[in-house]
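Residue numbers (our numbering): 126 to 226.
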């Protein structure tokens with residue numbers, strides 16, 4: 126049985142920072158606030174390019190910031206799962222954007 130990966134704010138940033146930074150045309154973020162800002166910038170890029178799914182990045186940004194500021198471990202876990210679900214198609218969106226450039 127495969128081990129489940131523990132989600133953290135840091136693990137999600139590490140997994141998606143490079144792709145989101147490409148879409149935001151910035152250097153990869155290292156903090157949750159910078160990453161959330163880049164996701165919002167990337168959303169605008171995707172909208173301009175006609176790529177669907179930007180609203181999910183907006184949701185992910187909100188969930189991540191809320192998880193980072195929550196003191197309740199149960200709430201954090203729920204918010205991180207929601208953030209991960211909202212980021213699930215980010216790779217595809219960035220691939221589509223890369224194909225356009």
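Glycine included, each C-beta is placed from N, C-alpha and C at the ideal position. Please read these numbers as outputs of a predicted model, since none were measured by experiment.
Check: Element boundaries [alpha helix (DSSP H), containing residue 172]; Outcome: 157 to 174
Check: Three CB pairs or more closer than 8 Å across the segment 168 to 177 and the segment 188 to 201; Outcome: no
Check: Segment contact flag, the segment 195 to 208 with the segment 141 to 151, C-beta cutoff 8 Å, min 3 pairs; Outcome: no
Check: Own chain partners of residue 216 with C-beta closer than 7 Å, once the 5 adjacent residues on each side are dropped; Outcome: 144
Check: Chain B within 8 Å of residue 169, Cβ atoms only; Outcome: Considering every chain present, this structure includes no chain B. It has just one protein chain.
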